[in-house]
Amino acid sequence: MICRSLVFVTSVVILLLTDNAYLAAQHRLEGEQLKRSRINFDQGWQFHKGDIAIKRAVKAGKQGGLTDADVKVVTGEEAVIAYTDKNKVADYKPGDWENVNLPHDWLVGEPFLHDDNIGSQPAGNGYRQPGIGFYRKEFEIPEGDEGKRISIVFDGIFRNSTVWVNGHLMGNHESGYLPSFYDLTDVLRYGKEGKNVILVKVDATDFEGWWYEGCGIYRHVWLIKTGSLHVDQYGTFITTPVVAPGKATVNISTTLQNDYNVDRKFTLISRVFDKNGTVLSSQSSTQSIPTHGKLTITQQANVVSPQLWSPETPSLYKVRTEIVEKGITVDNYETIFGIRKVEITSNGFFLNGKLYPVKGTANHQDFAGVGVALPDKLNAYKLKLLKEMGSNGYRCAHHPPTPELLDMCDSIGMLVLDENRQLSSSVQGIEDLTTLIRRDRNHPAVFMWNLENEESLEGTVTGRRILETLVETAHQLDSTRPVTAAMNHGWDEGGYSDVLDVVGYNYGQRGMQYVKDHEQYPKRKMFVTESTSYVATRGEYEDNRGQGYVSNFGMGVGWGLQPGQDWKHIVQYPFLGGTFVWTGFDYRGEPTPYRWPCVSSHFGIMDLCGFPKDGYYAYKAAWTDTPLVHVFPHWNWPGKVGQKIMIRGYGNCEEVELFVNGKSVGRKKAEPFEYFEWEVVYHPGSLEARGYNGGRQVASQLIETTTAPEQVTLTSDVDHLNADGCDVAVVNVAIRDASGRVVPVANNLVRFSVEGDGRIIGSGNGDPSSHEPENTSQRSAFNGYCQVLVQSGKTTGEIRLKAVSETLVGATVILKVQ
Ligand code: GAL
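The structure is reproduced here in structure tokens:
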């Protein structure tokens, strides 16, 4: 320890002696301090809903006003930058500001309004009025940080955000789905100079899509501190040009940025680590970088007997980049990567040399209770549910995802179709695509870039020109991944498809377009970028337009297939590469085929809380090897005694047999990927399905008529939480009868309370027509279930979540916080 300190001191002294005076401030910093830090900046914000007359104040530029940078000691109140008068600071009323932590989506707390003019299309965003809001945060920067480069990164703000720091306008960023960065080095106040105030205006009055997009700083925020010689933003690009049995070549391209006023000489060291932390290779290059310049250095490493990445074996490696000046490490940076070979050919999708049809779902980013502001845990929860269903592919519809989602896909094994938002070759359009690709190109999970979705210019000459520019941009930034476009028309017109590496088919089963195109253009590489759009409301078995419910027996919306049939096509025609079912989860907005009072979509295989609908079992049957049989509806039909009732089912067994009240009504051969049906007469009791392979029973399902609701039960997905103020337990709530059976028609109101350092951040029930507030501590069950999300604080101990419901026996769940 002492020796290390001596080395530091000696090195610092040597640096001070040899460099010019300008650099002295830098070298006051110890080597350790010069290293990069990435500090989470999510906690301790304030939020103000509604507009503040900022523009006028900016123009005023008065002493002590918004644009004044000379204020020496500024308290939070003085710096709030809320002006009503050119000459006078408006009263800063802390009471007008709500304390919040990020991620935050204020739209999810707004009431539903029956107004078809909200959003880009009627019902598009789910009948909530987006608007303008402000965020502010006071923070201190230690004196010792002077001399570092300090920047702030917003991973995602929906949308059109403007940022001021200490009264300085830092800039504006439109996209609601891409990150924004501001270098704060010059305008920060260090140590005794005073507190810093950051103010962010969010203007979500405009929209980017036709779904619920939220409002606010809904992804993480980071403060990045580096020395003046550092790895550039997204400065590493790791590829594996050779993936052969027994050996892989790793190409490490590193871009450095020199923010010093002089040229710098340095050594770049790149070490490759395996998952156990063993160094597999170490490359070193010594070079000079010009003042205020960028320099890209390429190094190559070999990995012997590489563990190939796949959804089944998501093996990861890491490159640790170090920049060393005169023996001192001045930057260190880590990049996770994987070694795998993806090939999309006219015969299909191949992973590590084997045909590997992608079992994918397309998804928007929201979730019950929290809108688009998902703590990381909820993204992990959604991915876990998809994995359990057998899915190995995720399409980020229709925009760049939150970065943590990609980290998770890398580590759990989920192939990702990463998506650009706008078909635009404007300066902004190119910049957005560039940011997306530079940000995401090291993720082994990402296998293809999707440049657009169903734009009206598909199949046109203008569209082709724009697309071609985007394709060129993508190829230049990443020559290792193909590009596609998720088209719903124009495949064979205007030369549009010709500029793509892979032609995307949304609903290409219409007229068997994709099969015809394969015959006509046998060299065309294809992928089913979107399919199915099957609509169903969890637990509903009759269409009910008034209430906005769609039966699980439905026939779909007309442009997709039934659950499972979509996969049958992929099996029949492997050249299609794989599919992304629209959608894995319901999402707010787009309540097709209805509108008000319906506020959420019905497309999900699971509802907004992740509760499975019946169609879920069609996918689980198709995508896993577990023998399975699932029939529906439930068996609680007091009004239908003696009447005929239709039973439908999904499964993956050779034969299925149905028993009604203990009596067999027949055995059937099951056709792969198709549903099976019986018509039976209803009498309360039981419905049992059995599945057989080779004549042997391998699966079964029993549904019983329940008695009245009697008790509430709570099932948390975890029994402990991290004491980090971020972790979340997803607690599923069921209404059960005296025998513990879930009552499939129960809609009881459940009230929740928390003891200990934790809080309820939201609740949901999967009812697409529910107008209940989502961020309160009570919720009605919908067809037997609801859900509550409990977030930990920073204190260790216990959180006790209690659920009560008027006439029912309540329940408590205890979460250990560590
Ligand atoms: C697709 C579109 C999706 C969604 C879906 C509904 O055409 O890409 O965003 O609107 O239809 O079926």
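Residue numbers (numbering that gives the first Met the number 0): 0 to 817.
Note that the Cβ used here is the ideal one computed from N, Cα and C, for glycine as well.
None of the values given here were measured: they were computed from a predicted structure.
One or two residues paired with residue i in a DSSP bridge
i      : result
Gln299 : Asn250
Pro648 : Reading the sequence as shown, one finds Gly at residue 648 and not Pro. BP columns for Gly648 point to Val630 and Phe675.
Cys608 : For Cys608, which the question treats as bridged, DSSP gives no partner whatsoever.
Arg135 : Gln45 and Leu198
Ile798 : Leu814
Phe349 : Glu342 and Leu354
Arg735 : Gln710 and Val741
Cys885 : The structure shown does not extend to residue 885, since the chain is modelled only from 0 to 817, so the question has no answer here.
Trp210 : Partner(s): none; Trp210 has no beta bridge.
Gly292 : Looking at the DSSP assignment, Gly292 forms no beta bridge with any residue, so it has no partner.
Arg270 : Ser281 and Arg319
Arg778 : Val749
Glu703 : Ser685
Ile216 : Ile156
Residue i Cβ short of 7 Å to the ligand GAL heavy atom set
i      : result
Glu207 : no
Lys391 : This sequence places Asn at residue 391; Lys is not what is there. It does not: the Cβ of Asn391 is nowhere closer than 7 Å to a heavy atom of the ligand GAL.
Ala396 : yes
Glu773 : no
Asn452 : yes
Val556 : yes
Glu324 : no
Phe672 : no
Ser532 : yes
Asn124 : no
Asn362 : no
Thr591 : yes
Trp636 : no
Phe602 : yes
Asn449 : no
Trp581 : yes
Asn692 : no
Glu529 : yes
Asn487 : yes
Asn378 : no
Asn419 : no
Asn505 : yes
Among the options, the one whose alpha carbon lies nearest that of residue i
i      : options                           : result
Tyr520 : Asn346, Ser280, Asn391 and Ile436 : Asn346
Val415 : Asp431, Asp439 and Thr434         : Asp439
Tyr572 : Tyr681, Tyr649 and Leu354         : Leu354
Arg319 : Ser252, Lys340, Lys376 and Pro637 : Ser252
Leu466 : Val371, Arg480, Leu177 and Gly493 : Gly493
Trp636 : Phe658, Ser685, Met169 and Leu279 : Ser685
Ile149 : Leu183, Asn159 and Ser119         : Leu183
Gly638 : Tyr681, Thr775 and Leu101         : Tyr681
Leu464 : Phe672, Ser227 and Ser425         : At residue 464 the sequence reads Arg, which differs from the Leu that was named. Of the candidates Phe672, Ser227 and Ser425, the one whose C-alpha sits nearest the C-alpha of Arg464 is Ser425.
Asp262 : Ser227, Leu279 and Leu476         : Ser227
Gly359 : Gly370, Phe446 and Arg394         : Arg394
Thr795 : Ala810, Lys815 and Gly783         : Lys815
Tyr217 : Ile156, Gly170 and Val199         : Ile156
Glu805 : Ser496, Glu321 and Pro708         : Pro708
Ala379 : Asp516, Val664, Cys725 and Thr295 : Cys725
Leu384 : Glu518, Pro772, Ile604 and Gly694 : Ile604
Interface flag, residue i vs chain D, CB-CB below 8 Å
i      : result
Trp558 : As a matter of chain content, chain D is missing from the structure shown, which is built from one protein chain.
Beta-carbon separation (whole angstroms), residue i vs residue j, contact threshold 8 Å
i      : j      : result
Gln790 : Ile760 : 5 Å
Ala122 : Gly588 : 7 Å
Val329 : Ile223 : That belief does not hold up - the Cβ atoms of Val329 and Ile223 are roughly 15 Å apart, past 8 Å.
Ile237 : Thr334 : 6 Å
Thr844 : Asn449 : There is no way to answer for residue 844, as the model of the chain reaches only from 0 to 817.
Ile646 : Glu676 : 7 Å
Val162 : Ile197 : 7 Å
Are the segment 39-49 and the segment 91-110 touching by the rule of at least three beta carbon pairs closer than 8 Å? yes
contact_flag[the segment 766-780, the segment 591-602] where n(CB pairs < 8 Å) is 3 or more: yes
Per the contact definition of three or more C-beta pairs closer than 8 Å, is the segment 128-146 in contact with the segment 180-194? In short, these stretches touch, since the Cβ pair count reaches three.
Across the segment 193-207 and the segment 116-131, are there enough close Cβ pairs to call them in contact, namely three or more that are closer than 8 Å? yes
Contact between the segment 737-745 and the segment 561-578 (3+ Cβ pairs under 8 Å): Flag = no, the segment 737-745 and the segment 561-578 do not touch.
Touching by the beta-carbon criterion (3+ pairs, under 8 Å), the segment 708-718 and the segment 655-670: no
At a cut of 8 Å, does the segment 613-624 reach the segment 566-583 through at least three beta carbon pairs? yes
Three CB pairs or more closer than 8 Å across the segment 662-682 and the segment 715-734: no
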